[in-house]
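Colleague:
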Amino acid sequence: MTPAMRAADLGNLPAVIDVVTAGRLLGFGRTKAYRLAKNGEFPCRVLRVGRSYLVPTREVWALLGYHDDGTHRQDAEGR
Numbered sequence: 466m467t468p469a470m471r472a473a474d475l476g477n478l479p480a481v482i483d484v485v486t487a488g489r490l491l492g493f494g495r496t497k498a499y500r501l502a503k504n505g506e507f508p509c510r511v512l513r514v515g516r517s518y519l520v521p522t523r524e525v526w527a528l529l530g531y532h533d534d535g536t537h538r539q540d541a542e543g544r
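Mind the numbering: the sequence shown is residues 466 to 544 in the numbering used here, read in order.
Structure follows, in structure tokens:
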């Protein structure tokens, strides 16, 4: 089993990530991530490139409550 990613890992991700990585960030396992993507039910946009499913990293950040600059929305609002 792959360990969960931490918030610190977000800044090291490319502009698009595979659906498994996006699923890990959102708390899904591999099978559920692929099933949601295939059925059009993934919680953010999924790009089909050939046989691959790719997810824009910024959209995963937004779902997790992060701004583009890497700050968490609650942190910024609490200042």
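Just so you know, even glycine gets a beta-carbon here, dropped at the ideal spot from N, CA and C. In this text the structure is predicted, and so the values were computed from the model without any measurement.
Measure the alpha-carbon distance for Ala541 versus His532 and round it to whole angstroms.
Modeller: At Ala541 the pLDDT is 48, less than 50, meaning the model places this residue with poor confidence; the figure from the coordinates comes in the next sentence. Straight-line Cα distance between these residues: approximately 9 Å.
Colleague: Helix, strand or coil for Leu528 per DSSP?
Modeller: In the structure shown, Leu528 sits in a helix (DSSP, three-state: H, G or I).
Colleague: Which whole runs of the beta strand (DSSP E) in the segment 470–522 are 3 residues long or more, in chain order?
Modeller: Listed in chain order, they are 481–483, 512–514, 517–521.
Colleague: Anyone know if the C-beta pair for Leu491 and Leu519 falls short of 8 Å?
Modeller: The answer is no: Cβ separation not under 8 Å.
Colleague: Since Val484 and Val511 should fall inside the 8 Å C-beta cutoff, what is the C-beta to C-beta distance between them, to a whole number of angstroms?
Modeller: Correct: roughly 6 Å between the Cβ atoms.
Colleague: Whole angstroms are fine: how far does the CA of Gly488 sit from the CA of Ala498?
Modeller: For Ala498 and Gly488, the distance between alpha carbons rounds to 5 Å.
Colleague: Would you report the Cα separation of Val481 and Pro521, rounded to the nearest angstrom?
Modeller: Going from the Cα of Val481 to the Cα of Pro521 covers about 4 Å.
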